[in-house]
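What follows is a set of notes on a single structure, which appears directly below.
2 protein chains.
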Amino acid sequence: MSVTVLLVDDEPLVRAGLRAVLDAQPDIEVVGEAADGAAVIPLVRKLRPDVVAMDVRMPLLDGIEATKAVLKSIDEPPKILVVTTFENDEYVYRALRAGADGFLLKRARPSEIVHAVRLVAEGETLLFPAAVRSLAAEYGTSSARARLERAALTEREEEVLRRMARGMTNAEIAAEMFVGAETVKSHVSAVLAKLGARDRTQAVIAAYESGFVAPA
Amino acid sequence: MSVTVLLVDDEPLVRAGLRAVLDAQPDIEVVGEAADGAAVIPLVRKLRPDVVAMDVRMPLLDGIEATKAVLKSIDEPPKILVVTTFENDEYVYRALRAGADGFLLKRARPSEIVHAVRLVAEGETLLFPAAVRSLAAEYGTSSARARLERAALTEREEEVLRRMARGMTNAEIAAEMFVGAETVKSHVSAVLAKLGARDRTQAVIAAYESGFVAPA
DNA sequence: GACCGTCTCCCCCGTGCGGGGGAGGAGCCG
DNA sequence: CGGCTCCTCCCCCGCACGGGGGAGACGGTC
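Protein sequence lines correspond, in order, to chains D and E.
If you count by my numbering, then the first sequence holds residues 11 to 226, one letter each, in order.
If you count by my numbering, then the second sequence holds residues 11 to 226, one letter each, in order.
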């Protein structure tokens with residue numbers, strides 16, 4: 011059973027890139043495109059996609075408002091994957107608060123993009139845990155809260171991420187945590203997967219950008 | 011040949027911490043302590059330390075004045091490592107203008123502290139370039155200026171660092187900057203050396219911690 | 001003219017890193 | 001009880017990374 015996707019981005023290049031990546035998968039089908047959030051509602055009604063991959067920054071109606079609109083006006087709303095360039099997190103968080111199911115970095119590798127689409131289609135969330143926690147706290151009870159918590163890092167993973175954000179190597183982390191190097195590798199891999207990071211540097215960036223660790 | 015260090019900090023706890031960290035190294039020896047900048051000159055004359063680790067904020071004579079005094083009144087002055095709690099401390103900048111050789115954050119890891127002491131002892135500078143540039147610009151000519159500029163990143167190095175802080179690999183940076191991968195490697199190595207970073211992750215951390223790049 | 005810093009590119013080389021698997025034990029919960 | 005997550009550790013493997021050199025070209029400065 012194939013996953014159907016609607017692309018919403020004002021840049022044709024990005025849409026083309028996403029389409030190329032996603033259509034290359036046998037189990038994923040891009041069923042439509044839109045250049046702005048304003049066009050999303052009718053397209054969702056018509057196409058009934060499983061997932062909407064939506065840019066946060068768009069000229070007429072941005073991803074935040076479009077997300078709200080979709081969730082409010084559609085009975086069984088599609089999963090919403092917010093697409094971002096990483097620098098403008100404020101928008102992403104507001105979109106997540108608005109009910110989006112995850113976020114995706116534009117510079118993510120193809121395999122990660124595919125992975126993200128499959129995950130949200132399955133009902134998983136792709137959110138960074140530090141944001142998750144504050145969101146969950148301020149959002150109180152709701153389905154959103156449950157979704158958010160599923161994406162959170164475990165205790166050990168958070169401990170490892172903090173040490174990664176202090177510039178420590180796996181070996182140093184292992185020594186400080188009194189575990190084997192292989193164990194640290196496992197945690198690091200888990201952290202990278204959950205954060206959608208390609209390497210430890212991107213994970214540390216995510217930690218700073220999300221406020222999980224704060225400078226000075 | 012051991013590196014001798016004089017600790018100057020009004021908080022006994024900080025002195026004890028630094029002493030513990032530094033004395034644990036076979037090649038570093040803490041030869042004295044002072045609780046205020048006012049006591050520095052005679053101690054430096056007497057002990058002839060290679061490095062003075064000096065707090066910027068002290069009751070009687072602060073790190074800025076103490077730095078000036080040491081440089082002015084001692085023939086072959088020790089290297090001065092300014093110790094601070096805050097990254098963007100106006101006092102630190104003024105101390106660096108006064109001729110200090112580097113700064114050290116109190117929350118740095120032991121290994122980083124040790125590293126910092128060794129580096130300044132060798133005549134290197136530990137300054138973050140963003141601060142360095144404005145300092146060099148407003149300070150004009152002086153021996154301090156020469157030292158500071160040695161630590162400043164070049165244009166290309168800054169461009170590379172910005173891209174590193176966006177999570178890009180060397181190959182991606184090379185493509186975006188229209189240069190060869192080897193060139194990027196050269197710039198990255200220069201950045202790491204100047205920042206005293208061990209790897210790109212530490213460089214990105216330094217970029218965030220210094221305000222060279224800002225989260226969200 | 002000689003000098004120096006910057007930018008560009010090249011070589012070799014070791015290794016830390018990350019992906020892809022798996023596996024066993026502890027604890028929780030329906 | 002079985003099933004689940006989490007933590008722990010193990011294998012193999014490819015590769016990007018970073019250190020160590022060097023070198024040519026350009027543009028300034030002395």
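C-beta: ideal position from N, C-alpha, C; glycine also.
- Bounds of any beta strand (DSSP E) do not take in G177 (chain D), whose DSSP letter is neither H nor E.
- Contact between L71 (chain E) and D46 (chain E) holds, since their C-beta atoms are separated by about 6 Å, short of 8 Å.
- Within the region 11 to 61 of chain E, the runs of alpha helix (DSSP H) that reach at least 4 residues and sit entirely inside it are, in chain order, 22 to 33 and 50 to 57.
- When the alpha-carbon of D85 (chain E) is set against those of E:Q212, E:D60 and E:A185, the nearest one is in E:D60.
- At least one C-beta of chain D is nearer than 8 Å to the C-beta of R208 (chain E).
- In this model, E169 (chain E) and V201 (chain E) are separated by some 10 Å (Cα to Cα).
- With the criterion set as a beta carbon lying under 9 Å from some beta carbon of chain E, the members of the region 164 to 186 of chain D are M174, A175, R176, G177, M178, T179 and E182, in sequence order.
- Within the same chain, and ignoring the five residues on either side of V13 (chain D) in sequence, the residues whose Cβ sits closer than 8 Å to its Cβ are D37, I38, E39, D60, V61, V127, R128 and A131.
- By the CB criterion at 8 Å, M174 (chain D) and R208 (chain D) fall outside the cutoff.
- For L91 (chain E), the secondary structure class from DSSP, reduced to helix, strand or coil, is strand.
- Residues H197 of the same chain have their beta carbon placed closer than 6 Å to that of R166 (chain D), with the five preceding and five following residues left out of the count.
- In this structure A184 (chain D) does not touch G177 (chain D) by the C-beta definition: roughly 15 Å separates them, more than the 8 Å allowed.
- Nearest neighbour of G109 (chain E) by Cα position, chosen from E:A34, E:Q35 and E:G73, turns out to be E:G73.
- Take E43 (chain E), set aside five residues on each side of it, and the residues of its chain with a beta-carbon closer than 6 Å to its own are L17 and R25, in chain order.
- Residue environment for K56 (chain E): exposed (fewer than 16 other C-beta atoms within 10 angstroms of its C-beta).
- The beta carbon of V214 (chain E) sits closer than 7 Å to those of M174 and A175, all from its chain and outside the five residues before and after it, given in chain order.
- For V214 (chain E), the nearest beta carbon of chain D is closer than 8 Å to its own beta carbon.
- Between T94 (chain D) and chain E, the shortest Cβ-Cβ separation is not below 8 Å.
- For T193 (chain E), no CB of chain D lies under 8 Å from its own CB, so it is not counted at the interface with that chain.
- Taking 8 Å as the cut-off, the beta carbon of V31 (chain E) is found closer than this to the beta carbon of I123 (chain E).
- Not a single C-beta of chain D is nearer than 8 Å to the C-beta of T77 (chain E).
- A straight line joining the alpha-carbon of G112 (chain D) with that of V15 (chain D) spans about 14 Å.
- Interface flag for T211 (chain E) against chain D is set, since a Cβ pair is found closer than 8 Å.
- T193 (chain D): member of the alpha helix (DSSP H) spanning A191 to L205, first to last residue.
- The beta carbons of V41 (chain D) and M64 (chain D) sit about 14 Å from each other, so the pair does not count as a contact at 8 Å.
- DSSP, reduced to helix, strand and coil, places M187 (chain D) within a helical segment of the structure shown.
- Under the DSSP assignment, T77 (chain D) falls in the alpha helix (DSSP H) whose first and last residues are G73 to S83.
- Classified as exposed, F188 (chain E) has fewer than 16 neighbouring CB atoms from the shown chains inside 10 Å of its CB.
- Per DSSP, reduced to three states, the secondary structure at L129 (chain D) is helical.
- At the C-beta level, A79 (chain D) and I51 (chain D) come within 8 Å of one another.
- Residue D:L171 holds the alpha-carbon nearest to the alpha-carbon of V194 (chain D) among D:L205, D:A216, D:Q212 and D:L171.
- Spatial neighbours of P88 (chain D) in its own chain (CB-CB distance under 8 Å, excluding positions within 5 residues in sequence) are listed in chain order as L16, V54, R58, P59, D60, V61, V62 and V80.
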